[in-house]
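> Quick note, the sequence shown lines up with residues 1 to 149 if you use the numbering used here. Note that beta-carbon positions come from the ideal geometry of N, C-alpha and C, so glycine has one too. The structure's right below; bear with me while I get my questions together.
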Amino acid sequence: MGYAAGAFDLFHVGHLNILRHAKAHCDVLVAGVVSDEMLRTTKGITPFIPTAERVEIVRNVRFVDYVHVENEPSKLDAWREVGFTHFFKGDDWRGTEKGKRLERELATVGVEVVYFPYTAHTSSTQLRRALEAVHAEPLHEFGARSATA
Numbered sequence: 001m002g003y004a005a006g007a008f009d010l011f012h013v014g015h016l017n018i019l020r021h022a023k024a025h026c027d028v029l030v031a032g033v034v035s036d037e038m039l040r041t042t043k044g045i046t047p048f049i050p051t052a053e054r055v056e057i058v059r060n061v062r063f064v065d066y067v068h069v070e071n072e073p074s075k076l077d078a079w080r081e082v083g084f085t086h087f088f089k090g091d092d093w094r095g096t097e098k099g100k101r102l103e104r105e106l107a108t109v110g111v112e113v114v115y116f117p118y119t120a121h122t123s124s125t126q127l128r129r130a131l132e133a134v135h136a137e138p139l140h141e142f143g144a145r146s147a148t149a
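Dropping the structure here:
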């Protein structure tokens with residue numbers, strides 16, 4: 001059983017890629033959706049899309065068999081609740097301190113961390129910044145920017 005966790009806020013092709021790669025490496029894929037409260041606590045951000053809606057979006061991705069809402073920051077807590085054998089992550093974590101810590105933590109229960117190519121041209125952070133920039137400017141019908149803006 002595989003597990004791929006994320007906020008999945010502003011769902012984009014990078015999210016789809018990680019779920020597609022993950023499903024190709026396991027029979028059953030559980031997607032962990034980080035709750036609103038956990039995002040506020042661990043990343044200091046409030047998601048654009050609330051937990052229940054993000055769960056519904058991810059649940060309807062054909063590669064996902066089950067969805068688990070993460071309410072605790074520890075992936076060991078998720079493992080205790082789900083029982084996965086493989087944890088899937090974008091390779092932007094590979095070799096980083098947080099990636100090494102994750103590998104050590106999950107190795108204690110026999111879980112292998114598997115990295116997949118990170119989709120560099122698209123991220124929720126980039127989308128968030130773009131939306132915040134657009135939101136700061138006056139918008140008119142059909143989203144066109146004002147000529148004076």
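1. Given a cut-off of 7 Å, decide if Val67 and Val33 are closer than it, judged by their beta-carbon atoms.
2. What is the rounded straight-line gap between the Cα of His86 and the Cα of Leu16?
3. Quick one: residues in its chain with C-beta nearer than 7 Å to the C-beta of Met1, no 5 flanking neighbours on either side, listed in chain order?
4. Could you pull the DSSP bridge partners for Gly32 from this structure?
5. Express the C-alpha separation of Lys89 and Ala4 in angstroms, rounding to a whole number.
6. Taking only runs of the beta strand (DSSP E) that begin and end inside the segment 42-115, which ones reach a length of at least 3 residues, in chain order?
7. Closest to Ala107 by CA distance: which of Gly44, Lys43, Leu76 is it?
8. Please state whether DSSP places Val15 in a helix, a strand or coil.
9. Using 10 angstroms around the beta-carbon of Val113, count the other beta-carbons present and answer buried if the total reaches 16, otherwise exposed.
According to the data block:
1. The sequence position of residue 33 within the sequence shown is 33, counting from 1. The sequence position of residue 67 within the sequence shown is 67, counting from 1. Yes, these two residues count as a Cβ contact at 7 Å.
2. For the purposes of this step, residue 86 is identified with residue 86 of the sequence shown, where counting begins at 1. For the purposes of this step, residue 16 is identified with residue 16 of the sequence shown, where counting begins at 1. In a straight line, the C-alpha of His86 is about 18 Å away from that of Leu16.
3. Against the sequence shown, residue 1 aligns to sequence position 1. Result list for Met1: Cys26, Val28, Val30, Gly83, Phe84, Thr85, in chain order.
4. Counting from 1 along the sequence shown, the entry for residue 32 is found at position 32. Per DSSP, Ala5, His68.
5. Stepping through the sequence shown from its first residue, residue 4 is reached at position 4. Stepping through the sequence shown from its first residue, residue 89 is reached at position 89. Distance between Ala4 and Lys89, taken at the CA atoms: about 7 Å.
6. 66-70, 86-90
7. Reading the sequence shown from its first residue, position 107 is the one you call residue 107. When each option's Cα is compared against that of Ala107, the closest is Leu76.
8. Against the sequence shown, residue 15 aligns to sequence position 15. In the sequence as presented, Val is not what sits at residue 15; that position holds His. Here His15 sits in helix by DSSP.
9. Indexing the sequence shown from 1 puts residue 113 at position 113. Under this definition Val113 is a buried residue.
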